[in-house]
Amino acid sequence: MSSLAGKFGIVFGVANKRSIAWAIAQAWHAAGARLAFTYQGDRLKENVEELAGTFGAETLLLPCDVTRDDQIDAVFAAVKQSFGRLDLLLHSVAFAPREALEGDFLSTSREAFRVAHDVSAYSLIALSRGAAPLMTAGGSIVAMTYYGAEKVIPHYNVMGVAKASLEASTRYLAHSLGPKKIRVNCISAGPMNTLAARGIAGFTDMLKHYEAHAPLKRNVMPEELGTTGTFLASDGAAAITGQVLYVDCGYQIMGM
Ligand code: NAD
Ligand code: 0WE
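Next comes the structure, spelled out in structure tokens:
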């Protein structure tokens, strides 16, 4: 039997076919889960509609800017109405104002700090609070993070600080939701060529650096985030919560 057969999931963070959220959604779907998708705004609706449509008409599609409490409430009300319950949630959402990822970290404005933390870290708490009452048989919440949370990656700047907050929030949420059998974990992915990485100065060199220095001597493939996402969502991971799993070809273990 498929590992996610009979499970209901919701996916935040699909922008296009290269999105990490789409790689994990495809794997969840292949493992038997029925999914709802949210999109950030009208600009992305058509993209997500077309991708989600490949799973058939029973897929739910809902707008959700994660900085908007009213939209978050509406999403979980609609999920309750259509699915009746929820087992899985993927958080694959991050944003910091472009200028904060370019200059010196010392120049980080109060507003860029606020926005980065609201979109990229606080949203995990808000979405978990919305999902928890629907996770009546327990559940698995998975969030995407990056190594810049723990070591300095030049130019990642305030996003690294927001990812550190996301990872710490994962631990506090795991403690809060553990008694309800809801698990909360992060996947720390190696660099991926997605929309969020587009236009980052030196990104191609970063991919080459990983190829040269990661123990496995290559970069991560999207399907490998899918298989890890499916494992964390499955009952096989029933005793794993509050963790950061590195899916980075081993890069994180290196000291030099
Ligand atoms: P992506 O651009 O495909 O996905 C980012 C998503 O965030 C988009 O779908 C966008 O619509 C959404 N988003 C931004 N602001 C939002 C808001 N206010 N409300 C709702 N949604 C909003 O890029 P990706 O690389 O797939 O990024 C997904 C996640 O993976 C992010 O958390 C990112 O930090 C993380 N990650 C990416 C990499 C990488 O190298 N690409 C590596 C490790 C972790
Ligand atoms: O989490 C990310 C990127 C998230 C991101 C991307 C953008 C680009 C467009 C957040 N906010 C914005 N704002 C924009 O205006 N990654 C893990 C990918 C990434 O981004 C980097 C990296 C890596 C890796 C930025 C600098 C250095 C390395």
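When the letters of the sequence shown are read in order and numbered with our numbering, they come out as residues 1 to 256. All residues carry an ideal CB built from backbone N, CA and C; glycine is no exception.
Hey, quick one: how far does the alpha helix (DSSP H) through residue i stretch, first residue to last?
i, result
"R114", "R110 to H117"
"P97", "P97 -> no alpha helix (DSSP H), and no H or E assigned at all."
"P222", "P222 to A233"
"L106", "First-last for L106: undefined, no H or E at that position."
"T204", "F203 to H213"
"D70", "D69 to S82"
Where does residue i land, buried or exposed, given buried means 16+ other C-beta within 10 angstroms?
i, result
"R218", "exposed"
"H155", "buried"
"Q40", "buried"
"G148", "buried"
"A121", "buried"
"K17", "exposed"
"Q26", "buried"
"V11", "buried"
"N272", "Since the first residue of the chain shown is 1 and the last is 256, residue 272 is not available in this structure."
"G9", "buried"
"R98", "exposed"
"P215", "exposed"
"I182", "buried"
"I253", "exposed"
"K7", "buried"
"P179", "exposed"
"S2", "exposed"
"A201", "exposed"
Report whether the distance from the Cβ of residue i to the nearest heavy atom of the ligand 0WE is below 7 Å.
i, result
"P63", "no"
"P179", "no"
"H155", "yes"
"A112", "no"
"M135", "no"
"I200", "yes"
"L101", "yes"
"M278", "With the chain running from 1 to 256 in the structure shown, residue 278 is simply not present."
"P215", "no"
"Y146", "yes"
Measuring from the CB of residue i, is there a heavy atom of the ligand MG at a distance below 7 Å?
i, result
"M159", "This structure lacks the ligand MG; the ligands present are the ligand NAD and the ligand 0WE."
If you measure from the CB of residue i, is any heavy atom of the ligand NAD nearer than 7 Å?
i, result
"L195", "yes"
"P331", "This structure leaves residue 331 out entirely; the chain is present only between 1 and 256."
"Q12", "It is Phe, not Gln, that sits at residue 12 in the sequence shown. Correct: F12 has its Cβ closer than 7 Å to the ligand NAD."
"M221", "no"
"S92", "yes"
"N16", "yes"
"L245", "no"
"V257", "No statement about residue 257 is possible, as the shown extent of the chain runs from 1 to 256 and does not include it."
"S19", "yes"
"Q252", "no"
"V75", "no"
"V152", "no"
"A189", "yes"
"L44", "yes"
"Q81", "no"
Checking 8 Å against the spacing of the C-beta atoms, do residue i and residue j come in under that value?
i, j, result
"L106", "V79", "no"
"T67", "V119", "yes"
"I240", "N185", "yes"
"L51", "R85", "no"
"V152", "G190", "no"
"H117", "A168", "no"
"L90", "G236", "no"
"E49", "R34", "no"
"V158", "A233", "no"
"A36", "L4", "no"
"A266", "G226", "In the structure as shown, the chain starts at 1 and stops at 256, and residue 266 therefore has no counterpart that could be examined."
"S188", "L101", "no"
"L88", "G139", "yes"
"A77", "A196", "no"
Please list the terminal residues of the continuous beta strand (DSSP E) segment that includes residue i.
i, result
"Y246", "V244 to V247"
"L62", "L60 to P63"
* Asked: Curious, which full-length beta strand (DSSP E) runs of at least 3 residues does the region 118–192 contain?
  -> 139–145 and 182–189
* **Segments of 4+ residues assigned as alpha helix (DSSP H) that fall wholly inside the region 9–51** => 20–30
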